[in-house]
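Peer 1: One structure, pasted below without further comment.
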Amino acid sequence: MKDLLNIKKVYFYYGKAKALEEINLNIQEKVLEAVIGPNGAGKSTLLRVISGLEEPDRGKIEFLGERIDDLKAYKIAKKGISHCPERRRLFFDMTVSENLDLGAYTLKDRNKFRELRNFVFEVFPRLKERRKQRAGTLSGGEQQMLAIGRSIMSNPKLLLMDEPSLGLAP
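Numbering of the sequence shown is given in the working numbering, commencing with residue 118 and proceeding in unit increments.
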């Protein structure tokens, strides 16, 4: 298997407060990895740094062998990294379908778009039922399903999920 993501000696500070210290991580293709730890350990910060929402103070991040630690978030997304954030970040005045469409903004292939949308509706049938409903009127669990579905719609090579079970029923 080839390396998907390689993180070497990454540091990140919020002002003078150290949030990440010498993080080393190697993720291979077709492998499920989890970063676990207590509140305040830096898990969310690590995902924000990988996805380009924050820039590391030191260290190196490579995705598929290409350095990405100096790229903006939208360029990292175009390379195939999707970040499903902890607080969902949905567009509440837009419908479920419109939110899903936004997740596919990097896709050019309409057939792939339909395939991914069908997959999301298969995994989360409640979203198909509510596809014309505004996202702000969904329950917390349904909003979480929508956030995950929107991340899937970009057809990512790497999906970063922060607190993915938050608000979901068993």
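C-beta atoms are modelled at their ideal positions from N, C-alpha and C, and glycine is treated no differently.
Predicted model only: the values in this text are computed from it and were never measured.
(1) May I ask which residues mark the beginning and end of the alpha helix (DSSP H) holding Y222?
(2) Give a yes or no on whether the C-beta atoms belonging to L277 and I198 are separated by under 8 angstroms.
(3) In the DSSP assignment, the beta strand (DSSP E) including S199 goes from what residue to what residue?
(4) Excluding sequence positions up to five away, which residues of its chain have a Cβ less than 6 angstroms from the Cβ of L142?
(5) So, for M270: in the same chain, excluding its five sequence neighbours on each side, which residues have a beta-carbon less than 6 angstroms away from its beta-carbon?
(6) Does DSSP put I153 in a helix, a strand or coil?
(7) Buried or exposed, going by whether 16 or more other CB atoms sit within 10 Å of the CB of R247?
(8) Between K192, P202 and A158, which has its C-alpha nearest E280's C-alpha?
Peer 2: Straight from the coordinates:
(1) Looking at the DSSP string, Y222 is not in any alpha helix (DSSP H), and its letter there is neither H nor E.
(2) The answer is yes: Cβ separation under 8 angstroms.
(3) Where S199 is concerned, the enclosing beta strand (DSSP E) stretches over I198 to C201.
(4) Answer for L142: I124, listed in chain order.
(5) Closer than 6 angstroms at Cβ, skipping near neighbours: L217, G220, A221 and L233.
(6) Look at I153 here: in three-state DSSP terms it is coil, with no helix or strand label.
(7) Classification of R247: buried, given that the 10 Å Cβ count is 16 or more.
(8) Out of K192, P202 and A158, P202 has the C-alpha closest to the C-alpha of E280.
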